[in-house]
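Residue numbers (this note's numbering): 6 to 138.
Cβ atoms here follow ideal geometry from the backbone N, Cα and C, with glycine treated the same way.
This is the structure in C-alpha cells:
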C-alpha cells in the first residue's frame, strides 16, 4: 500500500516504514505528525484518486530529526564590469518516518463514461434563385 501526499509544496510517494526528507515542519523530534493532504492511495489494484484530496485520509509519520541540506552556491557575474557576487544557501529539512496510512472514507475513483458525440449538423443548402425571364 502506498500513498501520494503533498507537503511543503511538493508531492511524495510514501509507503509505511519509509524514511524521507521533507521541507521543515514545526514539530519536535520524536513527535507524531499527520499529513492530511493525501492525493492518492493505492492498495494493490484498488486505486483511489482524490479531487484534489481524499476526504478523511491521512498519513501518520514520526519526526526523526531536523537538519540542513548541502550548501548550494549562487554566483552572480557581470561581464566586463569586474563584478562578481557569490552567495550560499542551505535549506532546512525534517526527516520523517511513515508509521501508517489511513484510508478511512476513501472511495474508489469513478471512471468517467465518454460523452456521446453529437452528430454534426448539416448545413442548409441555399435556396436556388428563380431564373430571370
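Give the DSSP-derived three-state secondary structure of residue 135 in the structure shown.
Correct three-state label for residue 135: coil.
Assuming residue 43 and residue 63 are in contact, meaning their beta carbons sit under 8 Å apart, how far apart are those beta carbons, in whole angstroms?
The pair is a contact, with the Cβ atoms about 6 Å apart (cut-off 8 Å).
At which residues does the beta strand (DSSP E) containing residue 79 begin and terminate?
From DSSP, the beta strand (DSSP E) with residue 79 extends over 77-83.
Does residue 94 get closer than 8 Å to chain C when you measure Cβ to Cβ?
No chain C appears in the structure shown, which is made up of a single protein chain.
Determine the contact status of residue 90 and residue 81, defining contact as a CB-CB distance below 8 Å.
Yes.
Quick one: using the 10 Å Cβ neighbour count with 16 as the cut-off for buried, is residue 52 buried or exposed?
Exposed, by the Cβ-count rule.
Specify, as a first and last residue, the run of the beta strand (DSSP E) that residue 8 falls within.
7-12 is the span of the beta strand (DSSP E), which, as asked, contains residue 8.
Measure the C-alpha to C-alpha separation of residue 106 and residue 13 and round it to an integer number of angstroms.
Cα-Cα distance, rounded: 19 Å.
May I have the straight-line CA-CA distance separating residue 68 from residue 46, to the nearest angstrom?
So the alpha carbons of these two residues sit roughly 22 Å apart.
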